[in-house]
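Using my numbering, you'd call the opening residue of the first sequence number 1 and step up by one each time.
Ideal placement from N, C-alpha and C gives every residue a C-beta, glycine not left out.
These numbers come from a predicted model, not from an experiment.
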Amino acid sequence: MKMVKANVKDIYRKTEKFMGQDVKISGWVRTIRASNAFGFIELNDGSFFKNIQVVFESSLENFKQVADLGTGSAVKVSGTVIESEGAKQPFEIKAKQVAVVGEADEDFPLQKKRHTFEYLRTIAHLRPRTNAFSAVFRVRSLVAYAIHKFFNERGFVYVHTPIITGSDCEGAGEMFKVSTLDFHKIPKTSDGRIDFSKDFFGKETNLTVSGQLAVENFCVAFRNVYTFGPTFRAENSNTQRHASEFWMIEPEIAFADIFDDMDLAEEMMRYIIDFVLENAPEEMEFFNNFIDKGLLERLDLVLNSEFARITYTEAVELLEKSKKQFEYPVKWGADLQTEHERYLTEDLLKKPVFVYDYPKDIKAFYMRLNDDDKTVAAMDLLVPGVGEIIGGSQREERYDKLLQRIEEMGLDKDDYWWYLDLRRYGTNPHAGFGLGFERAIMYITGMQNIRDVIPFPRTPKNAEF
RNA sequence: UCCUCGUUAGCUCAGUCGGUAGAGCGGGUGGCUGUUAACCACUAGGUCGGCGGUUCAAGUCCGUCACGAGGAGCCA
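Structural data, given as structure tokens:
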């Protein structure tokens with residue numbers, strides 16, 4: 001009989017075609033159980049979330065070697081796909097040959113038992129070989145694809161905004177410096193300041209904290225655009241939903257207002273959830289069973305109901321009416337605290353909610369001033385379990401108003417000359433938002449810590465690997 | 001950065017009133033003819049996070065530092 005190369009995903013998806021066939025597969029041992037007459041290998045070949053069971057018998061010339069293999073070892077197997085006698089799997093491979101490709105040393109740290117996520121973070125180079133991380137990173141890849149697919153199908157142009165930015169005027173917090181200066185011999189100007197004219201770019205440069213200001217320029221040319229790339233924040237944030245390096249998706253749409261913006265965000269969220277449920281059913285079932293029991297029910301609800309939309313003022317009223325005791329009091333004009341946001345989305349409304357029209361004093365300079373002169377057309381999308389997942393706004397397209405806001409906030413208008421130019425040459429109402437990619441993954445998988453949805457997370461005091 | 005909690009075998013943890021260290025899993029050896037975190041027996045494995053203090057005596061009490069986690073702020 002002819003031996004065909006196969007992968008585990010195909011055998012699961014097209015079982016009929018493979019039943020009775022001789023196949024060659026290769027992969028890594030997840031667990032092994034052996035007696036002195038036969039044994040079982042659970043093999044993962046990387047093509048699929050699930051493992052395939054390989055049965056091997058003492059008739060193999062290297063039976064002893066195979067039976068002694070440790071978890072993690074790499075093997076090649078040839079054998080026949082047959083129906084399984086065991087109850088837990090519909091089929092298995094009866095081995096004719098098992099070649100040991102790479103043994104795993106006996107101190108391979110992953111055991112066939114539950115490990116804590118904290119421990120697995122210390123072995124981030126090995127954790128992709130666990131069930132949970134296999135599922136997380138398969139879903140992460142799918143969500144990235146779904147996002148590109150969503151925007152591409154709607155005619156959006158994908159723009160690569162710079163990673164290294166030339167000014168610190170992006171206004172979203174502490175930035176990482178980019179420099180080739182010798183830290184031990186920093187050139188100074190005559191008044192004692194660092195002489196950046198001697199630096200690589202001849203000026204002070206940083207890693208980007210947002211592609212928004214840059215992508216707005218492309219919005220005016222291509223109408224509907226988005227960025228999808230890494231973002232860096234040098235904030236000393238120590239929470240389960242902050243990382244120093246993360247990925248962000250930032251669409252920007254022309255001739256659009258804050259409501260168009262919310263429509264787009266809602267449609268996008270629904271699209272990617274639907275796509276993942278469709279294309280990663282095994283992974284999603286795993287998350288629902290082992291990570292977050294209510295996950296599938298919650299995502300179903302999102303697919304089948306409208307997101308709530310309330311203004312900041314209404315949110316404040318709702319919170320005041322609730323009579324709930326908060327650690328921080330609710331007050332119009334103050335930003336909503338995390339406890340307020342969570343109560344809104346998790347207890348009061350129990351679904352994703354857009355809060356929009358925030359007081360201007362707590363929001364960024366570029367957000368469009370509403371007619372009441374007190375609020376700006378900003379919106380946050382809050383979701384149960386994660387909190388703020390999207391932040392966006394309609395942008396101030398009126399030159400005079402924008403200039404006024406820049407000055408009110410004590411910023412230097414010269415830093416924004418090209419951003420202001422947009423309001424002089426064919427200005428138009430436009431809007432956009434930033435979706436935290438990892439926060440979306442957390443929401444979709446039920447994973448509770450951002451460090452566990454990034455391959456090699458960077459957080460304060462941690463850049464190992 | 002602030003508050004709280006934690007750090008004991010490779011991993012997950014227990015350790016009472018202060019009296020010199022335990023279990024399960026994993027590893028090793030042997031056994032077992034359909035396993036499913038296989039099972040059974042035996043076995044090796046410890047600077048109790050670091051430093052300092054109190055005490056006859058510290059894993060245990062106190063101080064301090066490091067690291068980790070949760071919460072807050074910042075935000076995506």
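- With contact defined as three or more Cβ pairs closer than 8 Å, the region 323-335 and the region 290-309 are not in contact.
- Non-local beta-carbon contacts of Y271 in its own chain, meaning distances under 6 Å to residues more than five positions away in sequence, involve F150 in chain order.
- When DSSP states are grouped into helix, strand and coil, E346 belongs to the helix group.
- For secondary structure counted as the alpha helix (DSSP H) over 4 or more consecutive residues, the region 375-450 holds these complete runs in sequence order: 399-408, 417-421, 437-445.
- Annotation for E216: the continuous alpha helix (DSSP H) segment containing it runs 212-222.
- Residue burial annotation: H125 is exposed, with fewer than 16 other C-beta atoms found within 10 angstroms of its C-beta.
- Ranking E61, V8, I32, V81 by CA distance to the CA of F49 puts V8 first.
- Following the DSSP letters along the chain, one finds F456 in no alpha helix (DSSP H), marked with neither H nor E.
- If the five residues before and after I362 are omitted, its C-beta is found closer than 6 Å to the C-beta atoms of D335, all from its own chain and listed in chain order.
- Contact annotation, V100 with V77: C-beta distance approximately 10 Å; criterion of less than 8 Å not satisfied.
- Just measuring C-alpha positions, the residue of G391, F259, T445, A280 sitting nearest K293 is T445.
- When the alpha-carbon of L181 is set against those of L381, K203, G173, the nearest one is in K203.
- Linking E282 to E320 through their CA atoms gives a straight-line distance of about 43 Å.
- Measuring C-alpha to C-alpha distances from K350 to each of Y356, T189, R309 identifies R309 as the nearest.
- In this structure, the straight-line span from the alpha carbon of D357 to that of T311 is close to 6 Å.
- Per DSSP, S47 lies in no alpha helix (DSSP H) and is assigned neither H nor E.
- Considering only P251, E250, R233, the residue with the shortest C-alpha distance to S244 is R233.
- At a cut-off of 3 residues, the continuous stretches assigned as beta strand (DSSP E) that sit fully inside the region 26-83 are 38-44, 52-57, 74-83.
- Taking C-alpha positions only, D400 is separated from E118 by approximately 51 Å.
- Excluding its 5 nearest sequence neighbours in each direction, T427 has C-beta neighbours in its own chain below 8 Å: E397, R398, Y399, listed in chain order.
- Residue pairing from DSSP leaves W332 without any beta-bridge partner.
- DSSP, read as helix, strand or coil, puts V4 in strand.
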